[in-house]
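Residue numbers (the numbering used here), protein chains in the order written: chain A, 1 to 316; chain B, 1001 to 1340. Step one of this worksheet: look at the structure below.
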């Protein structure tokens, strides 16, 4: 087990290296450069040349990449071109807000998805099951930004129950209640698509599990229905569900970009978008590295969960 | 500077009406009143700036009283704000000129009749009325209207598709032609570039000019304009002050052709060049104005672009905000505000 863990953690290095090479290439292949964007449409060629030299953009790409890699090896992600600040502190600061948002969206979609899925599976083709099927179709096909704006108009503009944007109130606030109020709309928006996916999958795997012989045996033994469903049914149905929840965690991290933009959530997604638009290479590299790292770690966590859920699974 | 090194920019000091307090990344910048401000007593104790990219969120925050002031009201919200009764909308002509550039060196645009035809073909009134919801004023040329160098006798090109077709026929294109139009999705001073360009595309189609619209991201767009491959392109320019030289020289003098300077229309007119040069050599403002007025008349006859509009800046604030004024320079000035 330990050897497996060490091997997986060592594998992180080539994965992150590959990610960084790809993102570096893609960013530099895109037309336009930071100097052009900083100076805007009024810049002369001479201005551009001067700023490019100052930013070290005139050196060959390989030299730029290796220089950046050298910094990273020393635990420094460089300095943002556009904000003139150390990337690492900037990204970590924003990543906390993203974690709060994706974490709560993941919690919402997992709990909601499991509850809906189990309810549908235990009463297949009931009204609830059908409603949940329609809701799933709806949830899966709605674009995040559209749903976000609709929720905002209803709950913030018309009803006035919840704030429309930001993470905390501009004056005062700052406590947990303030955070939860601001979190409600973006978290529900972000969770909408995932909850339906998890619900549908839970329903189908649960239906399959509940049809197994050992479930009939359990019922014949006189185990109460609740325990049949949760202990004998759900626990055995969890492996594919956990896989999907893991995938959804990654999807939510990525999907947070749009939700963050709609609700002015100060997360790493908005930072990355600004970085891309400004061609702020070190900043985007930093954001991508942190997101990629969390993605890989989540996958690792999911793999370890398998062994815990099903003791027959061993890692050697 | 020595103490903070590379981070010195994060420790601002100054003599302005407000003092820097804090900056929560991506959330807010907080300023506090400078009690010893030298010009007048500042009435606000504290100013909080918040970045809210999404238009609907900004509007909602204003209408629910969570914000006092927003800048850059999207045209589609202008009507809603004016009738809401909860906020006051402020408008003022800004310092931008929004134009549809034409590559003057490419066929068929080197013929000025074609460029005139394009100006007649586009319904600018409709763009300002329906797309911009009144947040633009019709443009007669590059110079801002009502400034000292503006030629007030000029009229915007009228919308006259019949005349456009006739001019195209005279230039040898009775059946029109096909061309491309590059448009940035957004960008500094670009108003609603894609919607505006779509109207222009259909206007041109009506006189037989088939336009392929290519939308691009701002950074990529600026880089592409240096290739000189553009045919038609949408762009905006903000004049640093009202001196006509600030707009005409960089944008239209032939020494400023891209990629050296910002003359991306590759416009060249010898008499126009000469007038602009002369105007740089005299110091008398009256004489300079005369030279610039003649230069503007040339631009009507030999148009470098399709003239569209000058943006009207917008801001909206809660009813309790008093004494706010839009500044022509586009700066957000809050030091004159008091709260009721």
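Quick reminder that beta carbons are idealized off the backbone N, C-alpha and C, glycines included. These numbers were taken from a predicted model, which means no experiment stands behind them.
What three-state label does DSSP hand residue i in the structure shown?
{"i": "residue 1238(B)", "result": "strand"}
{"i": "residue 1040(B)", "result": "coil"}
{"i": "residue 1090(B)", "result": "strand"}
{"i": "residue 274(A)", "result": "helix"}
{"i": "residue 42(A)", "result": "helix"}
{"i": "residue 1047(B)", "result": "strand"}
{"i": "residue 1070(B)", "result": "strand"}
{"i": "residue 1076(B)", "result": "helix"}
{"i": "residue 79(A)", "result": "strand"}
{"i": "residue 265(A)", "result": "coil"}
{"i": "residue 1230(B)", "result": "coil"}
{"i": "residue 1033(B)", "result": "strand"}
{"i": "residue 241(A)", "result": "helix"}
{"i": "residue 199(A)", "result": "helix"}
{"i": "residue 24(A)", "result": "helix"}
{"i": "residue 182(A)", "result": "helix"}
{"i": "residue 1123(B)", "result": "coil"}
{"i": "residue 1313(B)", "result": "strand"}
{"i": "residue 1249(B)", "result": "helix"}
{"i": "residue 1163(B)", "result": "helix"}
{"i": "residue 1015(B)", "result": "coil"}
Using only alpha-carbon positions, find the residue among the options that is nearest to residue i.
{"i": "residue 114(A)", "options": "196(A), 11(A) and 215(A)", "result": "196(A)"}
{"i": "residue 1319(B)", "options": "1339(B), 1021(B) and 1312(B)", "result": "1339(B)"}
{"i": "residue 64(A)", "options": "212(A), 281(A) and 310(A)", "result": "281(A)"}
{"i": "residue 1060(B)", "options": "193(A), 157(A), 104(A) and 183(A)", "result": "157(A)"}
{"i": "residue 108(A)", "options": "95(A), 193(A), 278(A) and 223(A)", "result": "193(A)"}
{"i": "residue 1028(B)", "options": "1204(B), 1122(B), 1185(B) and 1067(B)", "result": "1067(B)"}
{"i": "residue 1296(B)", "options": "1278(B), 1141(B) and 1128(B)", "result": "1141(B)"}
{"i": "residue 317(A)", "options": "296(A), 275(A) and 295(A)", "result": "Look at the range of chain A in this structure, 1 to 316, and you will see that residue 317(A) is not part of it."}
{"i": "residue 1202(B)", "options": "1136(B), 1275(B), 1124(B) and 1260(B)", "result": "1124(B)"}
{"i": "residue 1212(B)", "options": "1223(B), 1219(B) and 1199(B)", "result": "1199(B)"}
{"i": "residue 186(A)", "options": "137(A), 116(A), 168(A) and 263(A)", "result": "263(A)"}
{"i": "residue 1014(B)", "options": "1038(B), 1004(B) and 1026(B)", "result": "1038(B)"}
{"i": "residue 1112(B)", "options": "1313(B), 1330(B), 1314(B) and 1300(B)", "result": "1300(B)"}
{"i": "residue 1187(B)", "options": "1196(B), 1197(B) and 1219(B)", "result": "1219(B)"}
{"i": "residue 1272(B)", "options": "1261(B), 1287(B), 1259(B) and 1254(B)", "result": "1254(B)"}
{"i": "residue 1280(B)", "options": "1286(B), 1313(B), 1302(B) and 1245(B)", "result": "1245(B)"}
{"i": "residue 62(A)", "options": "25(A), 89(A) and 154(A)", "result": "25(A)"}
From residue i to residue j, what does the alpha carbon distance come to, in whole angstroms?
{"i": "residue 1291(B)", "j": "residue 1247(B)", "result": "14 Å"}
{"i": "residue 244(A)", "j": "residue 198(A)", "result": "7 Å"}
{"i": "residue 1250(B)", "j": "residue 151(A)", "result": "47 Å"}
{"i": "residue 40(A)", "j": "residue 34(A)", "result": "10 Å"}
{"i": "residue 174(A)", "j": "residue 164(A)", "result": "16 Å"}
{"i": "residue 166(A)", "j": "residue 1332(B)", "result": "21 Å"}
{"i": "residue 1215(B)", "j": "residue 1114(B)", "result": "24 Å"}
{"i": "residue 1293(B)", "j": "residue 1323(B)", "result": "36 Å"}
{"i": "residue 260(A)", "j": "residue 246(A)", "result": "21 Å"}
{"i": "residue 1289(B)", "j": "residue 289(A)", "result": "57 Å"}
{"i": "residue 1004(B)", "j": "residue 284(A)", "result": "25 Å"}
{"i": "residue 257(A)", "j": "residue 93(A)", "result": "16 Å"}
{"i": "residue 8(A)", "j": "residue 303(A)", "result": "10 Å"}
{"i": "residue 308(A)", "j": "residue 106(A)", "result": "20 Å"}
{"i": "residue 201(A)", "j": "residue 2(A)", "result": "32 Å"}
{"i": "residue 1065(B)", "j": "residue 1336(B)", "result": "20 Å"}
{"i": "residue 215(A)", "j": "residue 128(A)", "result": "23 Å"}
{"i": "residue 229(A)", "j": "residue 207(A)", "result": "10 Å"}
{"i": "residue 1195(B)", "j": "residue 1008(B)", "result": "42 Å"}
Which residues of the stretch 1022–1046 of chain B have a Cβ closer than 9 Å to any Cβ of chain A? Give them in chain order. 1024, 1025, 1026, 1027, 1028, 1030 and 1046
Kindly confirm or deny that the stretch 1293–1307 of chain B and the stretch 1144–1161 of chain B touch, where touching means at least three C-beta pairs closer than 8 Å. yes
Contact the stretch 1309–1316 of chain B vs the stretch 1084–1101 of chain B: 3+ CB pairs below 8 Å: yes
The stretch 58–85 of chain A: positions lying closer than 8 Å to chain B by Cβ: 79, 84 and 85
Is it a yes or a no for the stretch 1078–1092 of chain B touching the stretch 1318–1338 of chain B, going by three-plus beta-carbon pairs under 8 Å? yes
Which residues of the stretch 192–220 of chain A have a Cβ closer than 9 Å to any Cβ of chain B? Give them in chain order. none
Quick check: the stretch 1012–1020 of chain B against the stretch 45–60 of chain A, are there 3 or more CB pairs under 8 Å? no
Contact set between the stretch 1233–1254 of chain B and chain A, restricted to residues whose Cβ is under 9 Å from the partner: 1235, 1236, 1237, 1238, 1240 and 1250
Within the chosen definition, does the stretch 1172–1184 of chain B reach the stretch 1221–1231 of chain B through at least 3 CB pairs nearer than 8 Å? yes
Which residues, in order along the stretch 1187–1199 of chain B, keep a beta-carbon less than 7 Å from a beta-carbon of chain A? 1188
Does the stretch 295–309 of chain A come close enough to the stretch 84–103 of chain A to have 3 or more Cβ pairs within less than 8 Å? no
Flag this pair as touching only if the stretch 1067–1077 of chain B and the stretch 1047–1059 of chain B have three or more C-beta atom pairs under 8 Å; answer yes or no. yes
Tell me whether the stretch 1259–1268 of chain B and the stretch 1101–1111 of chain B touch, counting them as touching only if at least three CB pairs, one residue from each stretch, are closer than 8 Å. yes
Taking a cut of 7 Å between CB atoms, which residues from the stretch 1064–1084 of chain B lie near chain A? 1064 and 1066
Against chain B, which members of the stretch 138–151 of chain A pass a CB distance test of less than 7 Å? 149
Output needed in chain order: residues of the stretch 1–34 of chain A with a Cβ under 9 Å from some Cβ in chain B. 30, 31, 32, 33 and 34
Counting only Cβ-Cβ distances shorter than 9 Å, please list the residues of the stretch 1306–1318 of chain B near chain A, keeping chain order. none
Below 8 Å between beta carbons is the criterion; list the residues of the stretch 1272–1300 of chain B that meet it against any residue of chain A, in chain order. none
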